[in-house]
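Visitor: First, the structure itself, so that you have it in front of you.
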Ligand code: MN
């Protein structure tokens, strides 16, 4: 069954605001190049593999990505899955595009096991590896399209892929402030991970939405009238329905009753300036009674991911409660696209205010990233994309990633893999070569531990390891031995 269509060159290019002849030619060239390179390959859905690339490129175009990123999106699987080499890409499309593709390919090699500690290091590794944020954005677009077509993938694989989306990709999108992409990805994944709960909440939202629609029309109409009466000409009102997964998480956090969730449906009022936002809030509060404790000023105090808006909930007078969000067009764009909005400003050639807003959002995101790794001093390094200078990331022979502190040894690695492996470590191979157990490991080393039944820890081992975890295990072994012997 072939369901999703395959985006054409115009489908992609029509999403881009102002496209130069050269850039259009580059995108066309990549489109045809990838189509040819993937010829004969098919997706689980039965459609040509190339469709995945065209669709990924279209997602990137919709995110407002510049032509170079869209081109990289078209070519992101070419090196991995066809006979085309990275040098050919360099020759045909230049170093920058090749660099992005190499980054995406590297991320694709990571394995996901769903172990909590592992999940955290995988997230960190994602950020550390994507020296360039564009690599992450291409990967997120790639993943979103894979999620959209997940139902064609064999059942036994679906859950793992969906869990990976929920654990790794959606949180990354959230950290980058890309809420629209995050929301869609989470709902697609949640439907697979917990189909029963998904159906149940979907029904709740549908029913609620049906009831609220009446209120919303009424409020929409009165609000438009009131704003016009107060001299507003340039405003836009619409509404959004809460995403299923987001509702699920809120219910988990705040108790089970859907009736106390006030933002199931929210009205959005978009006005040109910040001053307008506060004026609109005043007008709304003098027209409808606000629900106490529900007024939030995220303009003066933005959320950590840079989100800005004024929120209030009002009694609509007919027994209903509606959340209203008031923001400027720039704030709205950032709420939807986050860091991706940062790339658009050159193309859109809008005002300086917008550039400033973009930079602000970018900075906020960097701050958030920095907070998430709990080391304030790395902030400046983070801006250069040089994250986690105190950590190394090494591979098991299977390609699993182990996250260790700088200066860690193969013996640390052995204990990180499994206590048994640690306690019986007898030797190590690093990148295929025999190495001592106390050597210093580097990021990207592939480490293999040789074990023997007879091998066991001695006091010297304590000086050979850096991690507290390994030290603890060695100590407890030595103590036990003393007690016994
Ligand atoms: Mn792909």
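Residue numbers (this note's numbering): 1082 to 1566. Glycine included, each C-beta is placed from N, C-alpha and C at the ideal position.
With DSSP as the reference, label residue 1563 as helix, strand or coil.
Guide: The count along the chain shown starts at 1 and reaches residue 1563 at position 482. Helix at residue 1563.
Visitor: Could you have a look at residue 1342 and say whether DSSP puts it in helix, strand or coil?
Guide: Position 261 of the chain shown, counted from the first residue, corresponds to residue 1342. Here residue 1342 sits in coil by DSSP.
Visitor: Give me the Cα-Cα distance between residue 1146 and residue 1367, rounded to the nearest whole angstrom.
Guide: Residue 1146 sits at position 65 when you count from the first residue of the chain shown. Residue 1367 sits at position 286 when you count from the first residue of the chain shown. Put simply, the backbone Cα of residue 1146 is about 42 angstroms away from that of residue 1367.
Visitor: Going by DSSP, what residue range makes up the beta strand (DSSP E) through residue 1319?
Guide: Stepping through the chain shown from its first residue, residue 1319 is reached at position 238. Counting along the chain, the beta strand (DSSP E) containing residue 1319 begins and ends at 1317-1322.
Visitor: What does residue 1516 pair with, by DSSP beta-bridge criteria?
Guide: Taking the chain shown and counting its residues from 1, the one referred to as residue 1516 is at position 435. Note: residue 1516 sits in a beta bridge opposite 1509.
Visitor: With a cut-off of 8 angstroms on the beta carbons, I'd call residue 1188 and residue 1220 a contact; round off their distance for me.
Guide: Position 107 of the chain shown, counting from 1, holds the residue named residue 1188. Position 139 of the chain shown, counting from 1, holds the residue named residue 1220. Residue 1188 to residue 1220, Cβ: 5 angstroms. Contact.
Visitor: Using a threshold of 9 angstroms, state whether the C-beta atoms of residue 1088 and residue 1139 are closer than that.
Guide: As a working note, residue 1088 is residue 7 in the chain shown. As a working note, residue 1139 is residue 58 in the chain shown. In contact: residue 1088 and residue 1139 (Cβ atoms closer than 9 angstroms).
Visitor: Can you pull the DSSP bridge partners for residue 1380?
Guide: In the chain shown, counting from the first residue as 1, residue 1380 sits at position 299. DSSP output for residue 1380 lists no bridge partner at all.
Visitor: Closer than 5 angstroms between the C-beta and any heavy atom of the ligand MN: which residues qualify, listed along the chain?
Guide: 1158, 1223
Visitor: Using three-state DSSP, classify residue 1273 as helix, strand or coil.
Guide: Taking the first residue of the chain shown as 1, we reach residue 1273 at position 192. Helix.
Visitor: Mapping the DSSP letters down to three states, classify residue 1261 as helix, strand or coil.
Guide: Taking the first residue of the chain shown as position 1, residue 1261 is located at position 180. DSSP places residue 1261 in helix when its eight states are reduced to three.
Visitor: Does the contact criterion of 3 or more C-beta pairs under 8 angstroms hold for the segment 1160-1179 versus the segment 1272-1285?
Guide: no
Visitor: Using 10 angstroms around the beta-carbon of residue 1396, count the other beta-carbons present and answer buried if the total reaches 16, otherwise exposed.
Guide: If you number the chain shown from 1, residue 1396 lands on position 315. Exposed, by the Cβ-count rule.
Visitor: Please report the residue range of the alpha helix (DSSP H) in which residue 1527 lies.
Guide: Translated into the one-based positions of the chain shown, residue 1527 becomes position 446. Neither: residue 1527 is in no alpha helix (DSSP H) and is coded neither H nor E.
Visitor: For the beta strand (DSSP E) containing residue 1404, list its first residue and its last residue.
Guide: Stepping through the chain shown from its first residue, residue 1404 is reached at position 323. Run containing residue 1404: 1402-1408, per the beta strand (DSSP E) assignment.
Visitor: Reducing DSSP to helix, strand and coil, say where residue 1540 ends up.
Guide: For this step, residue 1540 is matched to residue 459 along the chain shown. Coil at residue 1540, not helix or strand.
Visitor: Of the residues 1224, 1391, 1499, 1530, which one's Cα is nearest the Cα of residue 1141?
Guide: For the purposes of this step, residue 1141 is identified with residue 60 of the chain shown, where counting begins at 1. It is 1224 whose Cα lies nearest to the Cα of residue 1141.
Visitor: Give me the residue from 1268, 1301, 1310, 1388 with the minimum Cα distance to residue 1330.
Guide: The sequence position of residue 1330 within the chain shown is 249, counting from 1. The candidate whose alpha carbon is nearest that of residue 1330 is 1268.
Visitor: Please report the straight-line C-alpha distance between residue 1226 and residue 1537, rounded to a whole angstrom.
Guide: If you number the chain shown from 1, residue 1226 lands on position 145. If you number the chain shown from 1, residue 1537 lands on position 456. Distance between the alpha carbons of residue 1226 and residue 1537 is about 49 angstroms.
Visitor: Which residues in the same chain as residue 1283 place their Cβ atom closer than 8 angstroms to its Cβ, once the five residues preceding and following it in sequence are excluded?
Guide: Position 202 of the chain shown holds residue 1283. Excluding sequence neighbours, residue 1283 sits near 1325.
Visitor: Can residue 1629 and residue 1407 be called in contact, C-beta distance under 9 angstroms?
Guide: Since the first residue shown for the chain is 1082 and the last is 1566, residue 1629 is missing from the structure and cannot be characterised.
Visitor: Is it a yes or a no for the segment 1115-1130 touching the segment 1099-1107, going by three-plus beta-carbon pairs under 8 angstroms?
Guide: Result no; under three Cβ-Cβ pairs closer than 8 angstroms.
Visitor: If we require 4 or more residues per run, which alpha helix (DSSP H) segments fall completely within the segment 1144-1175?
Guide: Taking 4 residues as the shortest admissible run, the segment 1144-1175 contains the following complete alpha helix (DSSP H) segments, listed from N- to C-terminal end: 1148-1155, 1159-1162, 1167-1174.
Visitor: So is residue 1309 buried or exposed if we call it buried at 16+ other beta carbons inside 10 Å?
Guide: Translated into positions along the chain shown, residue 1309 becomes position 228. By the neighbour-count rule (16 or more Cβ atoms within 10 Å), residue 1309 is not buried but exposed.
Visitor: On the DSSP letters alone, give me the boundaries of the alpha helix (DSSP H) that residue 1093 sits inside.
Guide: Mapped onto the chain shown, residue 1093 falls at position 12. Taken as a continuous stretch (DSSP letters only), the alpha helix (DSSP H) holding residue 1093 covers 1090-1094.
Visitor: Is the Cβ-Cβ distance between residue 1554 and residue 1504 less than 9 angstroms?
Guide: The count along the chain shown starts at 1 and reaches residue 1554 at position 473. The count along the chain shown starts at 1 and reaches residue 1504 at position 423. Closer than 9 angstroms, so yes.
Visitor: Within its chain, find whatever has a CB closer than 8 angstroms to the CB of residue 1515; leave out the 5 residues flanking it on each side and keep chain order.
Guide: Position 434 of the chain shown, counted from the first residue, corresponds to residue 1515. Closer than 8 angstroms at the Cβ level, and outside the excluded window around residue 1515, lie 1508, 1509.
Visitor: CA-CA distance, residue 1128 and residue 1551?
Guide: Residue 1128 sits at position 47 when you count from the first residue of the chain shown. Residue 1551 sits at position 470 when you count from the first residue of the chain shown. Whole-angstrom Cα-Cα distance: 50 angstroms.
Visitor: Do you know how far the Cα of residue 1475 is from the Cα of residue 1294?
Guide: Taking the chain shown and counting its residues from 1, one reaches residue 1294 at position 213. Taking the chain shown and counting its residues from 1, one reaches residue 1475 at position 394. Between residue 1294 and residue 1475, the C-alpha separation is close to 54 angstroms.
Visitor: Does the beta-carbon distance from residue 1522 to residue 1493 come in below 9 angstroms?
Guide: As a working note, residue 1522 is residue 441 in the chain shown. As a working note, residue 1493 is residue 412 in the chain shown. With respect to residue 1493, residue 1522 sits close: the two C-beta atoms are nearer than 9 angstroms.
Visitor: When the Cα of residue 1544 is compared with those of 1230, 1252, 1490, which residue comes out closest?
Guide: Locating residue 1544 in the chain shown gives position 463, counting from the first residue. Nearest option by C-alpha distance: 1490.
Visitor: Expressed to the nearest angstrom, what Euclidean distance is found between the alpha-carbon atoms of residue 1563 and residue 1542?
Guide: Sequence index remark: in the chain shown, residue 1563 carries index 482 (1-based). Sequence index remark: in the chain shown, residue 1542 carries index 461 (1-based). Near 16 angstroms, if we compare the C-alpha coordinates of residue 1542 and residue 1563.
Visitor: Assuming residue 1318 and residue 1355 are in contact, meaning their beta carbons sit under 8 angstroms apart, how far apart are those beta carbons, in whole angstroms?
Guide: The sequence position of residue 1318 within the chain shown is 237, counting from 1. The sequence position of residue 1355 within the chain shown is 274, counting from 1. Actually they do not touch by this definition, with Cβ atoms about 18 angstroms apart.
Visitor: Taking the alpha carbon of residue 1271 as the point to measure from, which residue in 1241, 1156, 1296 has its own alpha carbon closest?
Guide: Position 190 of the chain shown, counted from the start, is the residue given in the question as residue 1271. Residue 1271 has its Cα closest to that of 1241, out of 1241, 1156, 1296.
Visitor: Here's the rule I'm using: 16 or more other beta-carbon atoms within 10 Å means buried, otherwise exposed. How should residue 1323 be labelled?
Guide: Taking the chain shown and counting its residues from 1, the one referred to as residue 1323 is at position 242. Per the 10 Å Cβ criterion, buried.
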